[in-house]
Structure formats: structure tokens, C-alpha cells
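With the first letter of the sequence shown counted as 1, position 228 gets the number 228 in this note's numbering; the numbers rise by one all the way through. Glycine included, C-beta positions come from ideal geometry on N, C-alpha and C. The structure displayed is predicted, hence computed values, not measured ones.
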Amino acid sequence: MSCSALALAAVLAAAPFTDAAAQQVQEDAPAPQPDPLDDDINTIVVLGARLTDRVDAPEPPILELEEQDIAAYGAGSIEELLQALGPQVTSSRGRGGGGRPVILVNGVRISSFRELRSYPPEAIERTEVFSEEVAQRYGYSPDQRVVNFILKDNFASYEIEGEYGQPFDGGFSQQEVEGTYLRIDGPSRLNLNLEWENSSLLTEAERDIVQADGNRPDLASDPDPARYRSLVSDSAGVEATANWTTSLGEDSNSLSLNATYERADSLRFQGLDTVLLTNSTGNSLLRAFNESDPLTVDSRDESYSFGSTLNLNPGDWEVTGTLDGTYSDNQSRIARRVDTTALLADAAADLLPLDAELGAFPDAGFDEALTDTYTVNALATARGNPLYLPAGDVALTLSTGYSWNRIESSDTRTLASDTQLTRGQLSAGANLSIPLTSREEDVLGAVGDFTLTLNGGVNHLSDFGTLYDWTAGLTWGVTDTLTFTATHINRDVAPSLAQLGNPVIATPNVPVFDIANNETVLATVISGGNPGLPAQKQSDWAFGVNWELPFIDRGSVSVDYYDNHSDDVTDGLPTLTPEIEAAFPGRVTRDATGRLIELDERFVTFAERDERRLQFGLNLSGQIGGEEERGGPGEGRRGPPAGATGRPADGPVGGGEQFQAMRAAFCVRDADEMLDLFNRALMAQAAGEPAPLDAEGQPIRIPPGMLERLVGEDGRIDTERFTAVRERVCSTEGAPAASTGGEGRRGGGRGGPRFGPFGGGGDGPPQGRWFFNLDYTLELENTVLIAPGLARLDLLDGDALAGTQPRHNVRARGGAFYDGFGAIVFADYTGASRLEGSGNAGSTDLFFGDFLTVNLRTFVDLGERERLVEAVPFLKGTRLGLDIDNIFDARQRVTDSNGVVPLRYQPFLIDPRGRSFEIELRKVF
Numbered sequence: 001m002s003c004s005a006l007a008l009a010a011v012l013a014a015a016p017f018t019d020a021a022a023q024q025v026q027e028d029a030p031a032p033q034p035d036p037l038d039d040d041i042n043t044i045v046v047l048g049a050r051l052t053d054r055v056d057a058p059e060p061p062i063l064e065l066e067e068q069d070i071a072a073y074g075a076g077s078i079e080e081l082l083q084a085l086g087p088q089v090t091s092s093r094g095r096g097g098g099g100r101p102v103i104l105v106n107g108v109r110i111s112s113f114r115e116l117r118s119y120p121p122e123a124i125e126r127t128e129v130f131s132e133e134v135a136q137r138y139g140y141s142p143d144q145r146v147v148n149f150i151l152k153d154n155f156a157s158y159e160i161e162g163e164y165g166q167p168f169d170g171g172f173s174q175q176e177v178e179g180t181y182l183r184i185d186g187p188s189r190l191n192l193n194l195e196w197e198n199s200s201l202l203t204e205a206e207r208d209i210v211q212a213d214g215n216r217p218d219l220a221s222d223p224d225p226a227r228y229r230s231l232v233s234d235s236a237g238v239e240a241t242a243n244w245t246t247s248l249g250e251d252s253n254s255l256s257l258n259a260t261y262e263r264a265d266s267l268r269f270q271g272l273d274t275v276l277l278t279n280s281t282g283n284s285l286l287r288a289f290n291e292s293d294p295l296t297v298d299s300r301d302e303s304y305s306f307g308s309t310l311n312l313n314p315g316d317w318e319v320t321g322t323l324d325g326t327y328s329d330n331q332s333r334i335a336r337r338v339d340t341t342a343l344l345a346d347a348a349a350d351l352l353p354l355d356a357e358l359g360a361f362p363d364a365g366f367d368e369a370l371t372d373t374y375t376v377n378a379l380a381t382a383r384g385n386p387l388y389l390p391a392g393d394v395a396l397t398l399s400t401g402y403s404w405n406r407i408e409s410s411d412t413r414t415l416a417s418d419t420q421l422t423r424g425q426l427s428a429g430a431n432l433s434i435p436l437t438s439r440e441e442d443v444l445g446a447v448g449d450f451t452l453t454l455n456g457g458v459n460h461l462s463d464f465g466t467l468y469d470w471t472a473g474l475t476w477g478v479t480d481t482l483t484f485t486a487t488h489i490n491r492d493v494a495p496s497l498a499q500l501g502n503p504v505i506a507t508p509n510v511p512v513f514d515i516a517n518n519e520t521v522l523a524t525v526i527s528g529g530n531p532g533l534p535a536q537k538q539s540d541w542a543f544g545v546n547w548e549l550p551f552i553d554r555g556s557v558s559v560d561y562y563d564n565h566s567d568d569v570t571d572g573l574p575t576l577t578p579e580i581e582a583a584f585p586g587r588v589t590r591d592a593t594g595r596l597i598e599l600d601e602r603f604v605t606f607a608e609r610d611e612r613r614l615q616f617g618l619n620l621s622g623q624i625g626g627e628e629e630r631g632g633p634g635e636g637r638r639g640p641p642a643g644a645t646g647r648p649a650d651g652p653v654g655g656g657e658q659f660q661a662m663r664a665a666f667c668v669r670d671a672d673e674m675l676d677l678f679n680r681a682l683m684a685q686a687a688g689e690p691a692p693l694d695a696e697g698q699p700i701r702i703p704p705g706m707l708e709r710l711v712g713e714d715g716r717i718d719t720e721r722f723t724a725v726r727e728r729v730c731s732t733e734g735a736p737a738a739s740t741g742g743e744g745r746r747g748g749g750r751g752g753p754r755f756g757p758f759g760g761g762g763d764g765p766p767q768g769r770w771f772f773n774l775d776y777t778l779e780l781e782n783t784v785l786i787a788p789g790l791a792r793l794d795l796l797d798g799d800a801l802a803g804t805q806p807r808h809n810v811r812a813r814g815g816a817f818y819d820g821f822g823a824i825v826f827a828d829y830t831g832a833s834r835l836e837g838s839g840n841a842g843s844t845d846l847f848f849g850d851f852l853t854v855n856l857r858t859f860v861d862l863g864e865r866e867r868l869v870e871a872v873p874f875l876k877g878t879r880l881g882l883d884i885d886n887i888f889d890a891r892q893r894v895t896d897s898n899g900v901v902p903l904r905y906q907p908f909l910i911d912p913r914g915r916s917f918e919i920e921l922r923k924v925f
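Encoded structure:
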């Protein structure tokens, strides 16, 4: 075993190991006075932990989850865990970053979330969530939060999971089967995953949807078009993923490769052919026909993805390169309508009675839309601390990248020829974090920790030109538990390839609500790109405060204020209000009676948009049963280690055997020899030379922070401090016990105290966890200036772009697990909003009511029920879950000024599922 690994393990183990032994021997003894040496050793422990797998940032984590906290969510994969965390991991800055966060594994960037998404949560030792500012330290823009997953050093499992779900109202069902294999052996990882899912068809007739006037036949004997219009498509999909990671020599160098194949098939029904027959006397009947060949859209999406991550540690730098490529192929066949010219002529000549049987018709064929998309993204970052100031290390991140995107599309319905769009983007940037004051280094410590962050970037787009961005931020750590942040962001953003060059397509028979006439009509909708779109200019301010509550050990409150201003905003054509129709008169076509017959929804540009919002966050969690573990400020508050559901990988695990081997090597060697090795490492570090080798030819690497704490006034390792550390490690037999603070162990086996994934088992009474998360968003301003000279639209007071904007939104998550049982409640509240009409005759306002949806997730670890496992051994490692979504069957109610629900906003059109349940069976081998 190398001396570097030995020293690190020994120092990290010393404090918690001795504390646990002392508790057993001196249980009734009076509490001893703090030893100054203990403080120094504990400081070494914390410094060592920060250097291992952690995110180095002045901002504290927004959320931290230990093993038992993660288990409380009852997720079957890391992807499900992120979905359950919801608002805690998504950005509210309103810049498109509200989707998936930046993902780190053990503090290192990865090429794609595909590399990690199928991992079982039992493989995670710890999860940290950081604010958007931290994303810039890894080469990303500050509109995504950062989630760091710290994995166990040793873990292996085979997992199979099956799910079945359907609405309480019936009509359709969903099924899913997933199999996962994962093995983690130190820096090496192998993951294989195969998933299949299926959903059956749900039609409008099964939810009694009332048809619009232009789609409802006048003859009762004609087929009902609602039976041939989908609310939920008939779909199926399959996904196969392989991920492999291996170490490359020393210095934590690693290489990761991943590949994924995905396929999704869907069949959507769009109704029946219709014809308005008129005879010679002027009588008319709207007929629906050809039910044997309804109008459908049959689609298939296939994608092939490959990713790679190379992580190197030359000297004091961390260099990470990622490459991610995807080829996707989409094919859609759109059934054509029957040519009704002969029917119209025969009816006009009275050769065809209006109510006659229309008979069978030849296949009208189909239109075909084909799209091939090629995407390649490469990003290299170098992170280091090139300069030391009195207040601490200056952190620098350099990044450069290249992305290439091509879209090849053809569509027989298009108004133009086949399309090929290509964009290459070369980027470069730098992020600098400068400590100005420091309490720890006693540099103006009375004012707290001030850190200045500067970021600049340049992007050259082959089809658009050069764009720039810069960011300046200030972080003020008043105490270990109270932090303020202020950030200003300026950047140029180009329209996407699709927004610029998508083919122009005319789709008939699309339901559109025309607010000017207060009616739902079937109109032709034109979609596609607009090559004349300019770059958007963004200027944003963000202010935040995060406070770890002093009266509850695992509680925090955050308040964030966002002020976003944009010029030349690209968006789709907004909701068709009178103001929008007046601003874009060429986009709306009406017949002589004023009835809407065509709507051009291609992308447009607005002059300005301003948004201001406040977001409040509350995170609480605690222990059920036993005494709550408490950690000091910044220590991460680790509780007792939880053994994973799964088996340890071959070789020494992070429990007794590995510790005994490390301690044996550390304690058996002569003390003077070990002291000499530490001094050699110290001198090499001071001279900037490569780490020296020990007698076994292994590099001697010890974290600089530890050496700094052990060094004496003469510049060499202090003998007394080194002896104290050695005595702590070597004075007591046995493996390290669970600590009441500090960092716990890194292992996935069952070598420690037995804690199942839901907190059961072990000696003594069972323990569990509870948690509660609340996020409240208050929209203060959301206005749009379509063009100079026009009135500004207030999206919070009756105007709209794409749907209305509520002023209030609340999302809450609360749950508990105890003795193998778990339950989580998810509640989402959306406030009321309205859409103003034109004020003309026939027009009306629309009122969107507030509503609350509540979901319940329950699960039980059958493997923790010992008698049940004895009777049915197969149930070992098995979990059964029951979920109920939308318990109160809530849907948003939309009414006009007369209290009538427009056809376009019928409740089942808004949400065809309603209250539903899902049963999950998960088995881990």
C-alpha cells in the first residue's frame, strides 16, 4: 500500500475512531475539556475531506443529502432521484436553465447525464446541490444548478424493476421494465442498463370530449370523430446504455466511455375525414366518413449516442475533457385526407343524397417528414489555484470547446425544398475566484469572507458571427451559516438552428381558440423557422441569501431575487390576443365572416422583456429514533454509515479489512521512517517537484492542507503533532466505528452496522429520517414590449405570450421513512391568472383558476421484514411501492366571462390522466 493512501486514510480515521472508542470506555465519565491538539487534528480531517470529491466553491451547498436522506425518497435510480428533488435542483432564473442541472461525479464533470442516470441511489454516499454561480467553475453558463454525486468506493448490484400504472378513470395504462447492473471498485465503474416502456391509446371519446363545430357531423349515423382523436398516443420505447470508467495510472487520472441506443414509436390519431355536402337547393350536411382509415401520425425516433470523459491531474491542476455525440433519426408518416372533389360535385348535382352512405375509399396515401440531427459537443476545462493571496487561494478555470450541429430535413407537406442547416461553434472562457477577506486566515476577518468572482467568454458561430458574455459576482460569508451573493450577467444569445431554419409546414385541422370571437375553430397552422431573427441581449441581476438555521441541526432558508432584462427576444407567436394580432397582422388569416382559418406561428422577435421574481426556499430534515447526529459548521453533518442494498465488490471494502490493512502498514513501520517519508513529501511539495517514492516504489502524496497543519516553525513536520496522530490510529483495535460527526466511511458493503436502505435493522431500536422542502415563487414583474410605439404587455395582468403567467407558485415535498417503511407527499400549487379579450362583441376574458395537485409515494422494504424473508427468501432485497398521483383529481378550471368552459379548455383536454396509481416492484440482488 502506498504511503500517500496510508497517510490520508490514517489521518481521516483518527479522530472519529478514537471518539467512538472513548465513548464505549468512558460512557459515564465527566466530559473532558477540549484539547487544542484535537482541534488541529479535526481541522486536518475537514481539510482532507474537502480535497476529496468535493466542490471547491465559496458558496455553501443549497442542499446536502446523506445516504439515509437519499433513501427516504424511495427512488429507483439517480434519474428518479433528481425528479423527486424537483425544485431543489432546477434553476428559477428564467433563462432556460430550469431543466436538468450540471452533473458532477466525485467533483468531476462528465460528458453526459447518460453516464449516471441509471445508477441505483444505494451507490451514492452523498449528494450536494449548489447554486447557479458554481456552474461557471466547470465551464457552463450560470443558469443551471450544480449537483455533485459522491459515489461509494465499493459497490455492486444487479437490479430489476417493474412498474404498472393507470388512471382511476381507466382508458389506458403504462408499463415499464428496467434491468440494471452496476459495479464500483474504487475508481473503476461498470454500468449496464436496459429499459422498455409502453403506453396504450386513450381517445377523446373515452373522456367524453365535446367536439368543435367544424368537427362534429350533422348525421347521427356517421362515425364519431372523437373515437379517432388521441388524448394519449399509443407508444412504446426501448433504451440500452453501457458506461465504463477506469483509472489511468496515479494521480486520480481516469477515462470514462458511455454509449446509448434509444428508440421510441408512437401512433397518434387526428380524427376522420369530413366533408360539407351541399345540394342544389342550398341544404347542407357536415359528414364524417372513412373510419376504416382514420387520420394518423405514425412516428419513430431512433438515436445513437456516445460520450467520453478524460480527467487528468497534472501537477496542481485538474484537467477534464468531455466529448459527447448524438445522431438521431426521426420519421413521421402523416395520413392524407381523402379527395372529396367528386363527392362535392355529385351532391351539388343532386346525384348524391346528403344522407347517403358514402361507401369505401381508396387509400389516400401519406406525407412523410424525415429529420436527421447530428450533434457533437467537446469541452475542455483546466481548474487550479495558480496564486496564493493573504486571504486564500485564487481559483482559476480555463475552458475551451467546440460544438457542431447539423439538421437535415425533408417534408412532403413543406412549402419549400429540403433543408440542411449546419452550425459550428467555437468557445473560450475563463472564470476567476478571488478571496478578498478571510476569517480563517485572519485577513479582515471581522467582516467575514468576501470572494470576488469574474467570468468572461467568447463564442464564434459559423452561421451567426461572434458573441460575448461576462459575469461579475460577490459572495459574502458572514459566518459559517450565513452567506450573501450578488451576481450580474451580461451575454449575447443566438437563435437556435431550428428557430432560424426549420422547414415551413402547414398543418390543417388544428384546434385553435380564437379569443376575438370566443370560439374554438379548426384552422391551418403554419410552423417553421425564421432566418431573419437577431441575437438576444441579456442583462441580469441575481441576489441571494442562504442561512443554515441555528435552532434546527439540518435546516436552511434561502431567499433569491432575480431581475432579468432582454432585448430582441426570440419566441414563438404568442397566444392570439387582439394586441398580438394587431402587432403581427400578416400572421392571421380570416374569411369574409371574420372566422379564423389560418395562423402562422413561425418564430418572431420582441423588442424587450423584463422579469422580476422572488423565490423563497426552506429545507428541513432530521432523524426519527435515536439521537440526532450533529456536525460542526462546514463538516457536512454525516450520520452513521448506511450499508447499501447490494453486495460489496470483490477486494477490500471501506470497512474493517481495509482500515486494518492501512493501520497495520502505518503502525508497524518504524516511527522515524514514517516521519522521514512525511518530511520528504513536504519538501517535494515546497519545491514544486514530483512526489518522491517510498521503499515500495509508490508515490508519497499527502494533501497539502494536512502537511500545512503538521508543519512546525522550522519548516519540517512537527514531531509532537505527528506522534499524536500516530498514537490515535495505533492505540485501539478494531475497525473505525460510526462517527457522530466527521466524514463517515466510503464503502458499499455490509461490514458496518446494519442499516437497510429504509433505516431498519441493526442493534437497538430502528432509526429513520424525515424531510420537508418548500419553494415559493412570487412573480413581481413580467412585461413584454412587442415593438417601439406599442403598449407594453403585462403578462401578470391579462396579457399572454404562450399561455398565462400566474403570480404565485408553491412546490412542497415532505416525507419520512422508518423501520423499512417510507412515504412522501408532493404538493404543487399554481395561482390564478387571466387573459383579457378584445372588448369587441363576441369576445370575452378567460379566467384560469388556481389549483393544487397532491401526489403520494409510498414504499416498503420487504427485505427488512425478517419473518417474511424467512418464509419467502426471494423477497430479500425487494421493495414494493404504491404511488397515487393527483389524489384529489384536481384540474385547472378555465372559464370565460360568462362562467362557461370553452371547448378548447375542457378539463380532460388539459389533463386526460387525472387521479392515477402506479405499482412498482424492485428487486436488488
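- Bounds of the beta strand (DSSP E) holding Asp828 are 821-830.
- In the DSSP assignment, Ile919 falls within the beta strand (DSSP E) that extends over 916-924.
- Distance between Ile70 and Leu81, taken at the CA atoms: about 8 Å.
- For Asp883, the closest of Val872, Ala156, Arg857 by C-alpha to C-alpha distance is Arg857.
- Annotation: Asp69 is outside any beta strand (DSSP E); the continuous alpha helix (DSSP H) that includes it extends over 67-71.
- One alpha carbon belongs to Asp469, the other to Ala802, and they sit about 28 Å apart.
- Contact fails between the region 207-224 and the region 139-150, because fewer than three Cβ pairs, one in each stretch, are under 8 Å apart.
- Where Val493 is concerned, the enclosing beta strand (DSSP E) starts and stops at 482-493.
- About 14 Å separates the Cβ atoms of Phe817 and Arg865, ruling out a contact at the 8 Å cut-off.
- Per DSSP, Phe361 lies in no alpha helix (DSSP H) segment and is marked neither H nor E.
- Around the C-beta of Tyr388, fewer than 16 other C-beta atoms lie within 10 Å, and the residue is accordingly described as exposed.
- Counting along the chain, Ala347 sits inside the alpha helix (DSSP H) bounded by residues 341-348.
- A check of alpha carbon separations from Ala827 across Arg229, Leu852, Arg807, Ser833 identifies Leu852 as the nearest.
- In this structure, Glu601 and Val525 form a Cβ contact; the two beta carbons are roughly 6 Å apart against a cut-off of 8 Å.
- In the three-state reduction of the DSSP assignment, Gln83 falls in the helix class.
- The straight-line gap separating the alpha-carbon atoms of Gly445 and Glu548 is approximately 20 Å.
- With respect to Gly831, Arg807 sits close: the two C-beta atoms are nearer than 7 Å.
- The region 526-543 makes contact with the region 486-498, as at least three CB pairs between them are under 8 Å.
- Scanning Gly617, Glu611, Val521, Pro531 for the CA closest to the CA of Asp540 turns up Glu611.
- Here Thr437 carries a coil assignment [DSSP, helix/strand/coil].
- Across the structure, Leu880 and Pro120 are spaced so that their CA atoms are roughly 16 Å apart.
- Around the beta carbon of Pro167, a 10 Å sphere encloses 16 or more other beta carbons of the protein chains shown; the residue is thus reported as buried.
- The beta carbons of Thr589 and Ile580 sit no closer together than 7 Å.
- Collapsing the DSSP output to three states places Gly445 in a helix.
- Here Pro225 is not near Gly179, since their CB atoms are 7 Å or more apart.
- Residue state for Thr723 is assigned as helix, using DSSP reduced to three classes.
- When the alpha-carbon of Lys152 is set against those of Val105, Gln174, Tyr374, the nearest one is in Val105.
- In the structure shown, Pro511 falls within a strand segment according to DSSP collapsed to helix, strand and coil.
- One Cα belongs to Arg137, the other to Thr485, and the distance between them is close to 16 Å.
- Annotation note: the region 159-212 contains the following uninterrupted beta strand (DSSP E) runs of length 3 or greater, listed N- to C-terminal: 174-185, 188-199.
- Non-local C-beta neighbours of Gly214 in its own chain, meaning closer than 6 Å and more than five positions away in sequence, comprise Leu522, ordered along the chain.
- At a Cβ-Cβ threshold of 7 Å, Val238 and Trp196 count as neighbours.
- Secondary structure at Gly401: strand, using DSSP grouped into helix, strand and coil.
- DSSP places Phe908 inside the alpha helix (DSSP H), whose first and last residues are 907-910.
- Leaving aside the five residues that flank Asn198 on each side, the residues in its chain whose CB is nearer than 6 Å to its CB run, in chain order, Gln175, Ala236.
- Contact between the region 397-411 and the region 424-432 is present, with at least three C-beta pairs closer than 8 Å.
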